[in-house]
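Sequences listed follow chains E and R, in order. Counting in my numbering, the first sequence runs from 1 upward without gaps. Counting in my numbering, the second sequence runs from 443 upward without gaps. Just so it is clear, CB atoms sit at the ideal spot from N, CA and C, and this is done for glycine as well. Report on the structure given below.
2 protein chains.
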Amino acid sequence: MPKNFKTTPGSVTAPQGFLASGVFCDIKRLGTGKGSNKGRKRDLALIVSEVPATVAGMFTTNQVCAAPVKVCAERVKKGVAQAIVVNSGNANACTGEQGLRDARAMTALVAKQFSLREEHVLVGSTGRIGVAMPMLNVKAGILEASALLGHGPEHAAEAAEAIMTSDTRAKQIAVEIKLGGRTARVGGICKGAGMIQPGMSATGQRPPPLPLHATMLCFVTTDAAIKPAPLRTALQEATALSFNRITVDGDMSTNDTVLVLANGLAGNTPIASTSGRDFAALQEALNYVLLELAKMIVRDGEGVSRFVTVRVNGARSPQHADIAARAVANSALVKTSWCGGDPNWGRIIDALGYSAAEVVESKVDIAYSPPGSHKLLYSLKRGRPVSTSFAALCKIAALPEFDLHINLNLGKGSAVIYAADLTEDYVDFNKGDVNDPSSLGG
Amino acid sequence: MPKNFKTTPGSVTAPQGFLASGVFCDIKRLGTGKGSNKGRKRDLALIVSEVPATVAGMFTTNQVCAAPVKVCAERVKKGVAQAIVVNSGNANACTGEQGLRDARAMTALVAKQFSLREEHVLVGSTGRIGVAMPMLNVKAGILEASALLGHGPEHAAEAAEAIMTSDTRAKQIAVEIKLGGRTARVGGICKGAGMIQPGMSATGQRPPPLPLHATMLCFVTTDAAIKPAPLRTALQEATALSFNRITVDGDMSTNDTVLVLANGLAGNTPIASTSGRDFAALQEALNYVLLELAKMIVRDGEGVSRFVTVRVNGARSPQHADIAARAVANSALVKTSWCGGDPNWGRIIDALGYSAAEVVESKVDIAYSPPGSHKLLYSLKRGRPVSTSFAALCKIAALPEFDLHINLNLGKGSAVIYAADLTEDYVDFNKGDVNDPSSLGG
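Have a look at this one:
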């Protein structure tokens, strides 16, 4: 936790001038009858700023991307937005022209409720792929969510619940910073669980070197005043260091989206460039908020029982480090060994060896430590097993969270990937129930 | 099954002049006492030709490769060999200089038993990574295996058993062909189970475009007479179409090896080039033998309950097709849906979309069929769900084996990958038992 700010209760309604709500409108069409509680989890969220806000977004680089992603990627280019409507239960992906019409209709209805410009309303979706949006339900939900908007933390919590799919808990955070003597806040909510290895860019265009592969959605609000260009830069950096560094199952979703709204109500002198103390302070806060939210996604990933931070150092280049870390973090054999609490190095060096990163067996160091600790316990040094007490290594690998340190000793490239184990629960959950197509992710 | 040859009983001893044996020498050092049957699976195999044979080999392209791979890759260059010694239970990988000395000592002992030149003896290992070979046990095993060599199919079966690790059954096949009026045979044994996505080359050097990632070992014998150069070409093609087209878990081992010995005792005019009818006949037989063995590995993969042939057509290039097929075949979400017998297309198009292959959502066709059938049942056509009976699709996806047909409709590139589902049993098996390090693969 950086020293320059403190966490504060609440999330997207912690900054001044933001309202939120979350309602149930039965997007999965479970047809829950009167008196039935089955599946009555909220499934539609609304976030609205009292005034137009500066906006920036990051989107999946999957070539097959959902209608709401297409609509948002286009609209955020203008740099201004005022509301976000989000549903769970249906991804509105692979839904063709009808999907685009439905996504736009959602934004149009929100715009109408609050007399906003339609292009100032953004939209996010997560859930089943390839099924038309149940627009009657969605519209009813938007009307109800509009009526129930509020400033309180309970309203933000309802929005956080409404965007969940297979998440077992809502994910929220907020921090407070000082910008030129003024108090500003940054708050966010997110969801994850499966299809988690985001590789997002600001345009949805894929950067050439990224080994790519969540539905993860994240919505951040701040009352800081900042121009679109520096906000875009800040979001890109914060995403590169957080959501683009996590993996649950190596699958990248069609719907990954991060949006940030900055409405300026904190009253600071607007941040106009990426230099200066205020930009640095906001960047630091944004980095912290996104990284904490990203880690919550990994910890609450489908079936996840163990959270492993894979730290690669000494690679020929940062790209080699990233490739090496992802090869380890996505290896089925490494992930199952984590499930078993096994301080394996054989499967790790095997994965390093088949990765596209340069690896020289006789130079590889592998060590374990408790989370964030600099006290490394080596299992492999320069390619040779260390006669460290196996019991001590097992103790670390049995922790619910630990750090895996890999040094390739070839150069100065380094990378961190936040990863999870692969469990029977993951398989059981995702093999799904053919008779319940609503179980199919997206 | 091609028409030009027939299968014949037995495997590596079916061709004339080959002897084999398989013994138990406790390489895992389970210390089974007298009267105990615990773990008494054979763990050392020997294959010997009565006369020097032409040899060719294909080896893992993992940058971290085992000592026996290093020894073999060097020796097969000369084109002549006469014996192969193979052990399971210890991979002799990440064992440094001692590992190389041990691998060579194994070949030296075999050479001594039969008065062969040491460099005419090859060696293969599979099992735990990073543990020194128990050479006393290994040497005792080699002496016993040498004494027990025999021509009968029961001897070949014992060798096939001895190379197994987590395999649940031995893998063997033999076929008979005609070469210029002479009868020749091609026989093979192999093992697989986990760490299965081979990407082998003749030199261990990685070809640039291959997306790489088994311990799989395969040993083939033939009494055909053929020169080293055409045998190398034939083995490369047969491997490219078989072992390099399978994946169980996407992990590529440090030990993958395919070796073929051709001792010429069939008496055909030696095949000296890749043109001519005899080369074509031998190539066809080798292709068949390796593909059947490769499919046995997938079907008997760790925890595998379903075998899926992923057929990609219409890709921009063969490489794009290969990348697309592997993205689908290695997606945790696709593989778990196969486990559930779920004819999903959402996860499939998601995996296609995040792959490095060019994909245009509105052009993608996805269909299912029973194995080898041309009667396709579409679930997606040109990016839109087909209103095919969901029940009929479920019926196909519930088969123990089915074909998944993907047409990207962008070009003429095509590729086939033989893949498997991801099950709770895979996770349970591989999370291992920390108290039993012998469970750790390699």
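Taking all protein chains in view, the Cβ of LYS519(R) is surrounded by fewer than 16 other Cβ atoms within 10 Å, so the residue is classified as exposed. Burial of LEU235(E) is indicated by the presence of at least 16 other C-beta atoms within 10 angstroms of its C-beta.
At a cut-off of 8 angstroms between beta-carbon atoms, ALA757(R) makes no contact with chain E.
Residue state for ARG277(E) is assigned as helix, using DSSP reduced to three classes.
Close CB contacts of THR568(R) within its chain, under the 6 angstroms cut and outside five residues either way in sequence, are with SER530, ALA533, THR607, THR657, LEU659, ASN697 (chain order). For SER821(R), the enclosing beta strand (DSSP E) covers residues 819-823.
For the stretch 796-815 of chain R, the set of positions with a beta-carbon nearer than 7 angstroms to some beta-carbon of chain E reads TYR796, VAL801, GLU803 in chain order. For ARG748(R), DSSP assigns no beta-bridge partner whatsoever.
Chain-ordered listing is empty here: chain E has no CB closer than 8 angstroms to the CB of THR625(R), the nearest sitting near 41 angstroms.
Judged by pairs of C-beta atoms under 8 angstroms, the stretch 138-154 of chain E touches the stretch 103-110 of chain E, as three or more such pairs exist.
Using beta-carbon distances, GLU424(E) counts as an interface residue toward chain R, with a partner under 8 angstroms.
Between the alpha carbons of THR423(E) and VAL186(E) lies a gap of roughly 35 angstroms. Linking PRO370(E) to ALA547(R) through their CA atoms gives a straight-line distance of about 42 angstroms. At a C-beta separation below 8 angstroms, GLY96(E) has these neighbours in chain R: SER804, GLY825, ARG826. Chain R places no beta carbon closer than 8 angstroms to that of GLY89(E), leaving this residue out of the contacts. With a threshold of 8 angstroms between beta carbons, LEU352(E) makes contact with chain R.
Distance between ILE129(E) and CYS65(E), taken at the CA atoms: about 10 angstroms. In the three-state reduction of the DSSP assignment, GLN319(E) falls in the helix class.
With a beta-carbon spacing of about 4 angstroms, GLY566(R) and VAL528(R) fall inside the 8 angstroms limit used to define contacts. Neighbours of ALA676(R) in chain E, taken as residues at a C-beta separation under 9 angstroms, are lacking, since the least C-beta distance is about 26 angstroms. Excluding residues up to 5 positions away in sequence, PRO595, ALA598, ALA616, GLY629 lie with their Cβ nearer than 7 angstroms to the Cβ of GLY452(R) in the same chain. TYR368(E) and HIS405(E) have their C-alpha atoms roughly 6 angstroms apart. At the C-beta level, LEU564(R) and ILE526(R) come within 8 angstroms of one another.
Taken in chain order, the whole beta strand (DSSP E) runs of length 3 or more contained in the stretch 835-859 of chain R are 843-849. Here ALA833(R) is exposed. Its C-beta has fewer than 16 other C-beta atoms within 10 Å. When the beta-carbon positions are compared, GLU284(E) and ASN4(E) come within less than 8 angstroms of each other. CA-CA distance, ALA757(R) to ASN849(R), rounds to 7 angstroms.
Contact note: THR681(R) does not reach chain E at a C-beta cutoff of 8 angstroms; the least C-beta distance is about 17 angstroms. In the assembly as shown, GLY150(E) is an exposed residue. Its beta-carbon has fewer than 16 other beta-carbons within 10 Å. The beta carbon of ILE226(E) sits closer than 7 angstroms to those of THR54, ALA262, PRO270, ILE271, LEU282, all from its chain and outside the five residues before and after it, given in chain order.
As computed with DSSP, MET58(E) is found in a beta bridge with VAL258(E). Look at LYS431(E): its C-beta is under 8 angstroms from a C-beta on chain R. Beta-bridge annotation (DSSP): GLN614(R) is paired with ILE631(R). With its beta carbon less than 8 angstroms from one in chain R, LEU333(E) belongs to the interface. Rounded to the nearest angstrom, the Cβ distance from GLY22(E) to ALA132(E) is 23 angstroms, too far for a contact under 8 angstroms. At a cut-off of 8 angstroms between beta-carbon atoms, MET195(E) makes contact with chain R.
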